[in-house]
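Protein chains in written order, with UniProt numbering: chain A, 1 to 442; chain C, 1 to 442. Positions of the beta carbon are idealized from the N, C-alpha and C atoms, including for glycine. Computed from a prediction, not measured in an experiment: that's the story for all the values here. This report concerns only the one structure given below.
Put into structure tokens, the structure is as follows:
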């Protein structure tokens, strides 16, 4: 086994850093052209080998990770963030399993999406092709490094990884191993590159490398995502900010509504598909609220309620402020309001929702129809928890993120969402009839 | 018939103009929510009536257009641009026919794209929904006003039209008529709005109205498109810049290659799918070049050739400069080079192409396979003219533009490309198993 030297960052700044990022993108572009031609067999074998190698070389990864964790502790990082940063043998094995899962998924590249023979005899078909060079900007979790590399490589793309400086040693060790395996398989090592992370400017250089980078996907908190999306001149996909609602309709089965609300809120409050607000129809509020408040209290949830919710009592119920309707808590907090009607619930969601996941609990067919038609979100649930919005749950095998925008992909993004398309037209000397040569401008 | 007053621009500037544009977007958003629920029947009837009304009120439109044309002449506009601006009874009828065509196309909204029952019994399906509010930024042609309105309304979207100030009277007359018909059909008039065009700042306000506008599509020259795409914080779709190539392979049938080159170049040089460069394999150059140069000369085309092309002679052959390989002439000019191999042609296209349409003329199966696999463009033609890249030719019925980017849509964009998707999940009290409530950050 040859260990390939991974270029160490020389802490460049200013124009030099910009040129480093652009040069990485150019090398990524070359690698992407080669990778686009790789067969599914070659890509699957690559991912399997990457998984094996990660497990084999886990000690290297853990040693690098210990340095990051020690530095993080010294800098006073919170325990929650340190937990996200920390790796263990089990977590490295989970990354390897992720690669094996992706290896087993169908290859989207080459899939024929539609096609026909045109009236003139030209054979036309639209096929999936890789996007090219994909930039991923993310925060402390080192597992994103491996997940993102697996998904982008499988879909025939080159990836530029821009992780957090707090995980620099871990990410460098991981990428070193992955590149090593890529090279051993005779594929271009620059299909996986880690960008310098010592200076925030490298993010800016990445997201403005229009023409060199085909898409940027930010993964992290709301601040990171909106900064990337707003400053990017490279097409960006907005992911993962979820101000999700559970609406309990007048006709709801109260037991079912309680179960769905509790699961949506408290199953894993730190993830984007967890509920942040519940709305309850006035006709059922008197029956529903006391039980909901009690059960949420038992689960440790603080309720930020409007006047009528506060009126229903409970020591863990506090008055909601205007901000509570818009905030993504990601914690054991929930905003709650009583609404007069289903249209009022839809209106509240239209005003405050982030277009991620919205749920209705109802027994009324027409209410379900209205809610699903009128609520504009990536996913709308009827009598099911908001927690189901997830690539794994949707049967995609793995996801690179959950898009909350409307272009290109909406909801969980799996391998097909990491591709573009190309039209192929086969003729036999076909030309398009029409005017004789005409002057420009006509 | 009630004539609805169309709000006249009061030539606002600065913050006031910004607020005007944002208020239009907000009204568009309200209208879009209503329009998203309109049935295909309602939308088709609307478009049919718009067509009839345009023909009936053509004199109003022509009168307004005469004012624009007179002002344009006075300002010294070129005849080519005046021709683009000018309307006639025939051109108004053509717009009406366009609306009737779109009326007859299938409605993309509601189409089920995929679906399954999850292992837990939840019924999942992905359906097409309108994008919401679509902004169109365009230049002098008033027919874009009607075409864009027809396509966006049919796909359930509201449209904000930002046309050229040179066409202000024509566009106002057209939009007045369209809004009038929308109102008569009981639909929200603000589904079609014309933005102020007296100040370039209105474009800026439109393309930065993130959260209010869902997508911006620029239609026009390369300068307009790149300005919109680079400055936009609203997702934008890059359209229509075409530096298209015809590659004549060593194995090409020379007669076929000449026919395809002439058609690709000279059929309509002012449109984006026309060829701007041809590349010829060295092995066939001696046979092909003299005939190609002669035929291009007869068609009035100036050839900007590399050394070997210039060496083949002809009074209309001039030496190519470095810029010639990258320019979109949109005129009776073509760049030409001899290449040593198919990979050299692919490399030239990778360096200079704009990702629109690339063609190979070949009799060799493997050459066709290599070219289609390795050339990265919206459309790749084998033995067919570049002129076929067109929504009408591809059987889409109508197009809003030709996307040259890789996200969301690539190539001609018809009605489905003006939609997003939504996941619907129907359960019966389903919750997601998993950990007991965990602390945030874990």
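I need the DSSP call for residue i, collapsed to helix, strand or coil.
i	result
residue 177 (chain A)	helix
residue 413 (chain C)	strand
residue 129 (chain A)	strand
residue 189 (chain C)	helix
residue 377 (chain C)	coil
residue 328 (chain C)	coil
residue 403 (chain C)	strand
residue 182 (chain C)	helix
residue 427 (chain C)	strand
residue 290 (chain C)	helix
residue 319 (chain C)	strand
residue 384 (chain A)	strand
Can you give the Cα-Cα distance for residue i and residue j, rounded to whole angstroms?
i	j	result
residue 337 (chain C)	residue 427 (chain A)	24 Å
residue 127 (chain C)	residue 112 (chain A)	20 Å
residue 2 (chain C)	residue 185 (chain C)	No answer about residue 2 (chain C) holds up, because its pLDDT of 38 lies below 50 and its placement is not dependable.
residue 47 (chain A)	residue 360 (chain C)	35 Å
residue 377 (chain A)	residue 96 (chain A)	33 Å
residue 321 (chain C)	residue 327 (chain C)	10 Å
residue 467 (chain C)	residue 198 (chain A)	The shown model of chain C, from 1 to 442, leaves out residue 467 (chain C), and the question about it has no answer.
residue 431 (chain A)	residue 223 (chain C)	30 Å
residue 84 (chain C)	residue 42 (chain A)	53 Å
residue 192 (chain A)	residue 183 (chain A)	10 Å
residue 424 (chain A)	residue 396 (chain C)	16 Å
residue 110 (chain C)	residue 207 (chain A)	34 Å
residue 374 (chain A)	residue 134 (chain C)	18 Å
residue 15 (chain A)	residue 354 (chain C)	27 Å
residue 265 (chain C)	residue 274 (chain C)	5 Å
residue 403 (chain A)	residue 346 (chain A)	21 Å
residue 54 (chain C)	residue 205 (chain C)	30 Å
residue 154 (chain C)	residue 154 (chain A)	37 Å
residue 35 (chain C)	residue 137 (chain C)	22 Å
If we count the other Cβ atoms within 10 Å of its Cβ and call it buried at 16 or more, is residue i buried or exposed?
i	result
residue 268 (chain C)	buried
residue 20 (chain A)	buried
residue 17 (chain C)	buried
residue 103 (chain A)	buried
residue 414 (chain C)	buried
residue 239 (chain A)	buried
residue 366 (chain C)	exposed
residue 363 (chain A)	exposed
residue 120 (chain C)	exposed
residue 229 (chain C)	buried
residue 117 (chain A)	exposed
residue 11 (chain A)	exposed
residue 114 (chain A)	exposed
residue 433 (chain C)	exposed
residue 276 (chain A)	buried
residue 333 (chain A)	buried
residue 70 (chain A)	exposed
residue 33 (chain A)	buried
residue 255 (chain A)	exposed
If you drop the 5 nearest sequence neighbours on each side, which residues of the same chain put their C-beta closer than 8 Å to that of residue i?
i	result
residue 307 (chain C)	319
residue 299 (chain A)	262, 265, 266 and 332
Sorted by chain position, which residues of the same chain lie with C-beta nearer than 7 Å to residue i's C-beta, five sequence neighbours on each side aside?
i	result
residue 73 (chain A)	82
residue 312 (chain C)	289, 290 and 293
residue 174 (chain A)	61, 142, 145 and 146
Compute the minimum distance between the beta carbon of residue i and the heavy atoms of the ligand ADP, and state whether it is under 6 Å.
i	result
residue 305 (chain A)	You won't find the ligand ADP in this model; it holds no ligand whatsoever.
For residue i, which residues of its own chain have a beta-carbon under 6 Å away from its beta-carbon, when the five flanking residues on both sides are left out?
i	result
residue 38 (chain A)	none
residue 283 (chain C)	250
residue 169 (chain A)	64, 67 and 68
residue 381 (chain A)	359
residue 125 (chain A)	112, 115 and 424
residue 44 (chain C)	103
Q: Count the C-beta pairs between the stretch 223 to 241 of chain C and the stretch 294 to 302 of chain C that are closer than 8 Å, then say yes if the count reaches three, no if not.
A: no
Q) Are the stretch 57 to 65 of chain A and the stretch 201 to 219 of chain A in contact at 8 Å, needing three or more beta carbon pairs? A) Contact between the stretch 57 to 65 of chain A and the stretch 201 to 219 of chain A is absent: fewer than three C-beta pairs spanning the two stretches fall below 8 Å.
Q: Could you say if the stretch 139 to 150 of chain A and the stretch 169 to 184 of chain A meet the contact criterion of at least three C-beta pairs nearer than 8 Å?
A: yes
(Q) Within 8 Å, do at least three Cβ pairs link the stretch 402 to 412 of chain C to the stretch 239 to 255 of chain A? (A) no
Q: Could you say if the stretch 373 to 388 of chain C and the stretch 129 to 142 of chain C meet the contact criterion of at least three C-beta pairs nearer than 8 Å?
A: no
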